[in-house]
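**Student:**
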Amino acid sequence: MRGPLLAIALVAATAGVAACSDGAAVLDASVDSRFDAPIDAPPDPTQCSPWMIGDRAAPIELVPLSGLGPDVGGTELVEGADVLMMVPPQGGIILLVGVRARNVPGCSSQVTAALRDPATGRVVGLESRPASLYARDDGWAAPTDPLFASMPNLAVCPNLTSDRDLYDVPWQLELTIEDGSRRATVTRTIVPRCPGATPFADCACLCDADYVPGMCPGAPRDGGESGRTGPVDAGVEVGLEVAARRAPN
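For the sequence shown, our numbering gives the first residue as -7, with consecutive numbering after it.
Laid out in C-alpha cells, this is it:
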C-alpha cells in the first residue's frame, strides 16, 4: 500500500508547487499584507489592519472626527461643530482630531490635520502622522485605541501664530489622508472650545489673540541672571519681543 499512497502524496505536492509557480495560489492576508482580502477574525480596535479596507480602485472616503466626545472611536464632526480642546502630556493645548475612512490601507497611509483662518486661508496649526486604522464590521476604517496615539494632536495654543482668538470663534479644520499617490481631503468649520482644557490650563488666556509668553497665571519664571541687574522673567522678556513684532508699523 505504501507505493500508491506515496504516489498520491507526490502528485499533490507537485500540484501545489505548480499552483504557486503560476501565481494561482492565494495567501492569507494575515501572513502577507499585500493582499486585499481581510482575515477571518473579529476587529481589534487596538491594532491597525494590515490590508486595504475597501476597494483600492475606488476614491478614498473620509468622515472627520473629534477624539473627545460621547462616541467610542471618535465623534463625527458636522459643519459648525463645537470641538473641545485638551491638554496633552507633552504640554500646550491641542485639538484631538482625525478621520474615519474607507478604501485605504489600515497601516500604511498618512493623516494630516491643519487649522486655517477661514478669512485668509492661513495655516495656524499643522500636524501629520502615520494613520493607524482598524477595519470595523461596517466596512469603515477607524482610528485605533488609544485615540491620543492614533489621531493628530493639532497644537493650537499658546497662541503664537494668529491675531484672532483660537477659541469660541469659527475656524476651518482640514483633514487629509494620503496613500501613495492617492489623496483625499475633508474640511469642516469648527468652533474650538475651552472646557476640556480649562481644568489643567488657563485656556482663555493661552488661546487669546493678544497672548504673549509670560502673561498667563502660573507661567514659569526664569530665575537665572540676565547679565544686567538681577533675575528676569524670560516669558515677559520674550513676550515683549512678540508684542513688538505684532504691533503695526
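Just so you know, even glycine gets a beta-carbon here, dropped at the ideal spot from N, CA and C. Because the structure is a prediction, the values reported are computed rather than measured.
Hey, Asn151 and Glu119 are a contact pair by Cβ (cut 8 Å); roughly how many whole angstroms apart?
**Tutor:** As a first step, residue 151 is located in the sequence shown; it is residue number 159 there, counting from the start. As a first step, residue 119 is located in the sequence shown; it is residue number 127 there, counting from the start. About 16 Å; that fails the 8 Å criterion.
**Student:** For Leu139, which of helix, strand or coil comes out of DSSP?
**Tutor:** Mapped onto the sequence shown, residue 139 falls at position 147. In this structure, Leu139 counts as helix in the three-state DSSP scheme.
**Student:** Below 8 Å CB to CB, which residues in the same chain sit around Leu139 once its five sequence neighbours on both sides are set aside?
**Tutor:** If you number the sequence shown from 1, residue 139 lands on position 147. Excluding residues within five positions, the ones whose Cβ falls inside 8 Å are Gly59, Gly65, Gly66, Leu88 and Gly90.
**Student:** Between the beta-carbon of Gly61 and the beta-carbon of Cys149, is there less than 9 Å?
**Tutor:** On the sequence shown, position 69 is the one that residue 61 refers to. On the sequence shown, position 157 is the one that residue 149 refers to. No; because the gap between Cβ atoms is not below 9 Å, this pair is not in contact.
**Student:** Pro122 and Val96: beta carbons closer than 9 Å?
**Tutor:** Counting from 1 along the sequence shown, the entry for residue 122 is found at position 130. Counting from 1 along the sequence shown, the entry for residue 96 is found at position 104. The answer is no: Cβ separation not under 9 Å.
**Student:** Using 10 angstroms around the beta-carbon of Thr136, count the other beta-carbons present and answer buried if the total reaches 16, otherwise exposed.
**Tutor:** Here residue 136 refers to the residue found at position 144 of the sequence shown. Buried, by the Cβ-count rule.
**Student:** In three-state DSSP terms, what is Cys149?
**Tutor:** Residue 149 sits at position 157 when you count from the first residue of the sequence shown. Three-state result, Cys149: strand.
**Student:** Could you say which of Pro34, Leu69 and Ala176 lies nearest to Ile182 if we only look at CA atoms?
**Tutor:** In the sequence shown, the residue the question calls residue 182 occupies position 190. Among Pro34, Leu69 and Ala176, the Cα nearest to that of Ile182 is on Leu69.
**Student:** In this structure, does DSSP put Leu54 in helix, strand or coil?
**Tutor:** Numbered from its first residue, the sequence shown carries residue 54 at position 62. In this structure, Leu54 counts as strand in the three-state DSSP scheme.
**Student:** In terms of residue numbering, what span does the beta strand (DSSP E) encompassing Ala196 cover?
**Tutor:** One-based indexing of the sequence shown puts residue 196 at position 204. From DSSP, Ala196 is part of no beta strand (DSSP E) but of the alpha helix (DSSP H) over Cys195 to Leu198.
**Student:** So what's Trp132 in DSSP terms, helix, strand or just coil?
**Tutor:** As a first step, residue 132 must be located in the sequence shown, where it is residue number 140. Residue state, collapsed to three classes: coil.
**Student:** Report yes if the C-beta distance between Leu57 and Ile169 is below 9 Å; otherwise report no.
**Tutor:** Within the sequence shown, residue 57 is the residue found at index 65, counting from 1. Within the sequence shown, residue 169 is the residue found at index 177, counting from 1. No, they are not a contact pair.
**Student:** Quick one: what's got a C-beta closer than 7 Å to Asp129's C-beta in the same chain, skipping five residues either side?
**Tutor:** Residue mapping note: residue 129 aligns to position 137 of the sequence shown, counting from 1. Counting only Cβ-Cβ distances below 7 Å, and skipping sequence neighbours, we find Pro35.
**Student:** Nearest-angstrom Cα distance between Gly188 and Trp43?
**Tutor:** By 1-based counting over the sequence shown, the position of residue 188 is 196. By 1-based counting over the sequence shown, the position of residue 43 is 51. Those two C-alpha atoms are separated by around 35 Å.
**Student:** Express the C-alpha separation of Trp132 and Ile45 in angstroms, rounding to a whole number.
**Tutor:** Within the sequence shown, numbered from 1, the residue matching residue 45 stands at position 53. Within the sequence shown, numbered from 1, the residue matching residue 132 stands at position 140. About 7 Å.
**Student:** Could you check which residue in Ala147, Glu166 and Asp171 has the C-alpha nearest to that of Cys199?
**Tutor:** Within the sequence shown, numbered from 1, the residue matching residue 199 stands at position 207. Nearest of Ala147, Glu166 and Asp171 to Cys199, Cα basis: Ala147.
**Student:** To the nearest angstrom, how far is the alpha carbon of Ser173 from that of Ala49?
**Tutor:** Here residue 173 corresponds to residue number 181 of the sequence shown, with the count starting at 1. Here residue 49 corresponds to residue number 57 of the sequence shown, with the count starting at 1. Their Cα atoms are separated by approximately 12 Å.
**Student:** So, for Val79: in the same chain, excluding its five sequence neighbours on each side, which residues have a beta-carbon less than 7 Å away from its beta-carbon?
**Tutor:** The count along the sequence shown starts at 1 and reaches residue 79 at position 87. Once the five neighbours on either side are set aside, the close Cβ partners of Val79 are Ile85, Ala189, Phe192 and Ala193.
**Student:** So Thr177 and Val116 are supposed to be a Cβ contact under 8 Å. How far apart are they, rounded?
**Tutor:** To locate residue 177, count along the sequence shown from 1; it is residue 185. To locate residue 116, count along the sequence shown from 1; it is residue 124. Rounded, the Cβ-Cβ distance is 17 Å, inconsistent with contact.
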